[in-house]
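K.L.:
Numbered per our numbering, the sequence shown spans residues 41 to 210.
Below is a structure I'd like to ask you about.
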Amino acid sequence: MADDPSVILDALDRVEDTFGGYTSGRPDYEESLDPETNQPPVIQLRKACRLLDACRTLRAYDGYHTSVIEMSFAAIERTLEYYALTASNDSIDNFQNHTRAYDRATALGMFSEQTARRLKTLYTNNRSAAYYRTTVATAEQAEQMFRLAVTIHDHVKQFSQQAYECRCDG
Numbered sequence: 041m042a043d044d045p046s047v048i049l050d051a052l053d054r055v056e057d058t059f060g061g062y063t064s065g066r067p068d069y070e071e072s073l074d075p076e077t078n079q080p081p082v083i084q085l086r087k088a089c090r091l092l093d094a095c096r097t098l099r100a101y102d103g104y105h106t107s108v109i110e111m112s113f114a115a116i117e118r119t120l121e122y123y124a125l126t127a128s129n130d131s132i133d134n135f136q137n138h139t140r141a142y143d144r145a146t147a148l149g150m151f152s153e154q155t156a157r158r159l160k161t162l163y164t165n166n167r168s169a170a171y172y173r174t175t176v177a178t179a180e181q182a183e184q185m186f187r188l189a190v191t192i193h194d195h196v197k198q199f200s201q202q203a204y205e206c207r208c209d210g
């Protein structure tokens, strides 16, 4: 059996410590995402905002199509989780798989079953193909996926009493 390189084990120790909460001082949370001052629904909404902002940044540099697609799917999930958390008694722990958010959005009247099925199929067939397999994402795919994510984000905010918590820049 091969010995694991100490540099990898040291780095792994450090990251496990940080995820375990073993850090010095107060945690430096991402802008607008402080769990001590924000409720879970707001955190999910703002995560979606941050993901969309990251997509905007990467799109400005052109060529990061796979990352834009991945983050657009993640932004859709966070947006739908936000909606479900504000429109039901769900907790964030209910969202442990990637399709749960689509199912809850449908059950809560955000989408028809047909639209939810199309979104889940889009996710299953294309997110994994662009991310895990040898399929290479195109600029047009990234553009359209980003537009879909922004459209869903904006649509969900229309039904929210907490839309003012959105932190999107664009």
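All residues carry an ideal CB built from backbone N, CA and C; glycine is no exception.
Note that this is a predicted model, so its numbers are computed, not measured.
1) Candidates Tyr142, Asn134, Tyr104 and Pro75: which alpha carbon is nearest glutamine 117's?
2) Which residue marks the beginning of the alpha helix (DSSP H) containing histidine 193, and which one marks its end?
3) Let me see if you follow: with CB-CB separation under 8 Å, is serine 46 close to chain C or not?
4) Serine 46 by DSSP, collapsed to three states: which one?
5) Please say whether serine 112 and phenylalanine 59 have beta carbons closer to each other than 8 Å?
6) Thinking C-beta only, is serine 200 closer than 8 Å to tyrosine 101?
7) Kindly indicate the opening and closing residues of the alpha helix (DSSP H) around glutamine 154.
8) Heavy atom of the ligand GDP less than 7 Å from the Cβ of leucine 148, yes or no?
P.N.:
So, from the listed chains and residues:
1) Reading off the sequence shown, one finds glutamate at residue 117, where the question assumed glutamine. Relative to the Cα of glutamate 117, the nearest Cα in the group Tyr142, Asn134, Tyr104 and Pro75 belongs to Tyr142.
2) Element bounds for histidine 193: 179–198.
3) The structure shown contains no chain C; it holds only a single protein chain.
4) In the structure shown, serine 46 adopts helical secondary structure according to DSSP, grouped into three states.
5) Taking 8 Å as the Cβ cut-off, phenylalanine 59 and serine 112 do not qualify as a contacting pair.
6) Contact annotation: tyrosine 101 and serine 200 have beta-carbon atoms that are not nearer than 8 Å.
7) Note, glutamine 154: alpha helix (DSSP H), 153–162.
8) Of ligands this structure carries none, so the ligand GDP is not represented either.
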